[in-house]
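The structure appears right after this line, and notes come after that.
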Amino acid sequence: MRSIKYKKFIVALATITLLIYITWRIFFTLPVTYGVIPLICGVIMLISEVISAVETIMHFITSINNSEPEFPTIPESWFPDVDVFIATHNEPLDVLYKTANGCKHMKYPDKSKVHIWFCDDGNRQSVADLAKKMGVGYQGLANNKLAKAGNLNNALSKTSGKFVATFDADMIPTRDFLMKTVPYFYLPKMKKDKDGNWVQRKENEIDPNYKIGFIQTPQSFYNPDLFQYNLYSERLVPNEQDYFFREINVNRNQSNSPIYAGSNTLISREALELVGGIATGTITEDFETGIHIQDEGYTCYATSTPYAHGLSPDTLDSLIKQRERWGRGCVFSLRRIKVWKDKKMPFAAKMSYFSCELYWWSYLRRFVFMLAPIAFMLFNIPVIVCQPWQMFTIWLPSYVLGFFAARAVSSKIRNPRWSNIVDTALCPYLIVPILLEAMGFRKRGFHVTEKRRTVNAKNDAIYALPHGILAVFSVIAIIKSVGQMVEYQSVGPLIIMFWLVLNLNALIMSIFFMLGRVNRRMTERYEVEIPVHLDFGDNVHIEGVTTDVSEEGFAILVDHSVVRLDNINIEKGDNVKAKIKTHHYEAEMMAKLVNKRKLDDKYKYSFNITELDDENMGEYYQIVYDRDPSLPDIIEERDSIFGDIKMNLMKRMDTADEE
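Using our numbering, you'd call the opening residue of the sequence shown number 36 and step up by one each time.
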């Protein structure tokens, strides 16, 4: 862990050199004498760099110190009634079952105080029947014109719990969700004594203005997202959204501007009622509601540990529509709230939300940063006018120190190269929607992110067309820059070539991303070791340990040097009775052997579940889903900037050979 002193030192150096670079760019590098087109291109490039510099400095400042609140210990008698809202529109019943099942298994001192509700925007009889079968509440709503906001507000008007937990239809909470969120609301009443123990404050020590509005836990996913899966990186990089929820949003605590993301959140009913419920008239009702709550003086916190896991979009079309909705909603809500005129909002929070809006323009800036070196090298459009030695003495120190500062203040969730890949892949499809929204052209209708898995053999190669065109131009520009270095015996084009190479890396990875990868699995596997008891009848049984589990089945590893199977004749297609038990859950089922493979002195047996009654299904689903996903928490650094490309080529050639 980097010391605070080191972080402050490297951030100060990086900020100073960045400001020097930007000042130099503004006053000394614009192509003012080269004609109208170069000047326009130069100004666009400069504006993009200035905005990026502002974002970078703000990120440095907010990332130096840990801003996650301490978790207090409170008496069990303090845990109040909680309403748990599962917002549903048109999701499959099996998705709703898993979420409600997770909610039913949440720990609480008095379970009778936890009231679980399906908030059904579709007013479906099938969902009402499922609610009755599972013993949870149902709030149906027909002809809802206010989308998710109207759905949740309807449920708010018919319930009365002190706190409200909101979950998307696919977000399965772990058993600890309430126990790890409710205590935060009592921070105003608690303090630590000299021995480090949490004790209750005296009445005159309580600040009446310190009250908690909501606790936002990360949105986590049990399946690899498209970037992890399509780029064969599900064992190499964290989920793409982890960077925001586990780092950026937590850093926003410092300015009391963490974003309410709509799910995996515990909210004060008092705060919700004070702001008139969930905001309507916007496609990002959660985002806007959070701002209103903060505006009313409530302190809100984001935490870094996930306590619920859901289903990440697994089609490119669904992903793009999701991001378009988020981007349009953010731009619209901040314009409607008029952040800079908001007298209730502190300046630090205004800057934080300004940074939030700037993020959605990063896709346009990414496009500019890809076009600029191509325009310079292939079309002789000088977007920057300077001598090579100036770039080496002014730009290079800023770039290098910025790199080290970013490493010092950031966790190992994301690195700049992977950020460029993500932004490059999505930028052609988000630039126009954000521009249209900024100009006041709103998108009509509400698109709900798909909440079901798909098995497909298609790719989205057509989406890679803009990336392919830019990649071809980049290669030609690189060849030309090398030629100029050789012809003129000059290192001048070196920085342009470096810039082009970085862009080309992101473009090639974006093409791989669009080409996709065949998804042959409807359910996700968790790599986990759990004891399994297999009963073959006639008092014959063996003990094994799982290597992985999923909704559909499990695989176990049996050590034949310890467990003898000589007298047990089990072949593919045979059924056995299995019992799987953890510290918290136990389930019995019938399972069929579908694969048997020898691994050194051990055998791996794979089973599909054939019979699982309702009682055991609830327990088994908790065994599967009440855990952290088998996905990485930190990014694995590659040996070179083209390491990811090499790995993808090898994986894709291996897949082609298998087919």
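Virtual Cβ for every residue (Gly too), placed ideally from N, Cα, C.
For clarity, every value in this text was computed on a predicted model and none was experimentally measured.
Report yes if the C-beta distance between Ser516 and Met532 is below 7 Å; otherwise report no.
yes
Separation of Ile456 from Glu275, as counted between CA atoms:
11 Å
Which value, in whole angstroms, describes the spacing of the CA atoms of Asp594 and Lys633?
10 Å
Within this structure, are the beta carbons of Asn258 and Glu559 separated by less than 7 Å?
yes
Which residue wins for smallest C-alpha separation from Leu222, given the options Pro104, Phe367, Val467 and Tyr278?
Pro104
Should Asn696 and Ser102 be called a contact, given that it needs their Cβ atoms to be closer than 7 Å?
Residue 696 lies beyond the range of the chain shown here (36 to 694); nothing can be said about it.
Which of helix, strand or coil does DSSP assign to Asp377?
coil
For Cys421, the three-state DSSP class (helix, strand or coil)
DSSP, read as helix, strand or coil, puts Cys421 in coil.
Could you spell out the range, first to last residue, of the beta strand (DSSP E) harbouring Glu578?
Val575 to Val584
Considering Thr58, what are the terminal residues of the alpha helix (DSSP H) in which it resides?
Counting along the chain, the alpha helix (DSSP H) containing Thr58 begins and ends at Ile39 to Phe63.
So, with DSSP's three-state summary, where would you put Glu238?
helix
Neighbour flag for Lys146 against chain B, beta carbons, 7 Å:
Annotation note: the requested chain B is absent from the structure, which comprises a single protein chain.
Does the beta-carbon of Pro667 have 16 or more other beta-carbons within 10 angstroms, so that it is buried, or is it exposed?
buried
Of the residues Gly325, Gly312 and Thr300, which one's Cα is nearest the Cα of Ser292?
Gly325
Cα-Cα separation between His344 and Glu562, rounded to whole angstroms:
16 Å
Report the rounded CA-to-CA distance for Ser112 versus Pro144, giving the unit in angstroms.
In a straight line, the C-alpha of Ser112 is about 8 Å away from that of Pro144.
Inter-residue Cα distance where the pair is Pro127 and Met557:
14 Å
Cβ-Cβ distance between Ala337 and Val285 below 7 Å
Yes, the pair counts as a contact, with Cβ atoms nearer than the cut-off.
Going straight from the alpha carbon of Leu406 to that of Leu505, what length do you get?
The alpha-carbon atoms of Leu406 and Leu505 are separated by roughly 8 Å.
Can you tell me which of Phe547, Leu647, His619 and Thr617 puts its alpha carbon nearest to the alpha carbon of Phe262?
Phe547
For the alpha helix (DSSP H) that Leu301 lies in, which residues bound it at each end?
Element bounds for Leu301: not the alpha helix (DSSP H) but the beta strand (DSSP E), Thr300 to Ser303.
For Asn540 and Thr459, I'd like the C-alpha separation in whole angstroms.
10 Å
Where does the unbroken beta strand (DSSP E) through Leu628 begin, and where does it stop?
Glu621 to Leu634
Alpha-carbon to alpha-carbon, Glu392 and Phe63:
29 Å
First through last residue of the alpha helix (DSSP H) which encompasses Asn455:
Pro451 to Ala473
Which residues bound the beta strand (DSSP E) around His344?
Ala343 to Gly345
Measuring CB to CB, does Leu470 end up less than 7 Å from Arg358?
no
Between the Cα of Gly70 and those of Phe677, Pro463 and Pro417, spot the shortest distance and give me the residue it belongs to.
Pro417
Whole runs of the alpha helix (DSSP H) within the stretch 376 to 418, excluding any shorter than 4 residues
382 to 395 and 397 to 414
Rounded to the nearest angstrom, what separates Arg413 and Gln422 at their Cα positions?
Looking at the sequence shown, residue 413 is not Arg but Leu. So the alpha carbons of these two residues sit roughly 19 Å apart.
Element boundaries [beta strand (DSSP E), containing Trp152]
Val149 to Asp155
Would you grab the beta carbon distance between Arg477 and Phe367 for me? Rounded to a whole angstrom, and I think it's under 8 Å.
7 Å
Between the Cα of Asp609 and those of His618, Pro468 and Ile644, spot the shortest distance and give me the residue it belongs to.
Taking each of His618, Pro468 and Ile644 in turn and checking the Cα distance to Asp609, the smallest one comes out for Ile644.
Using the C-alpha atoms, what's the distance from Gln425 back to Val67?
Going by C-alpha positions, Val67 is about 18 Å away from Gln425.
My guess is that Val310 and Gly196 are in contact by the Cβ rule of under 8 Å, so how many angstroms apart are they, rounded?
Not really, about 17 Å apart at Cβ, beyond 8 Å.
Mapping the DSSP letters down to three states, classify Pro115 as helix, strand or coil.
coil
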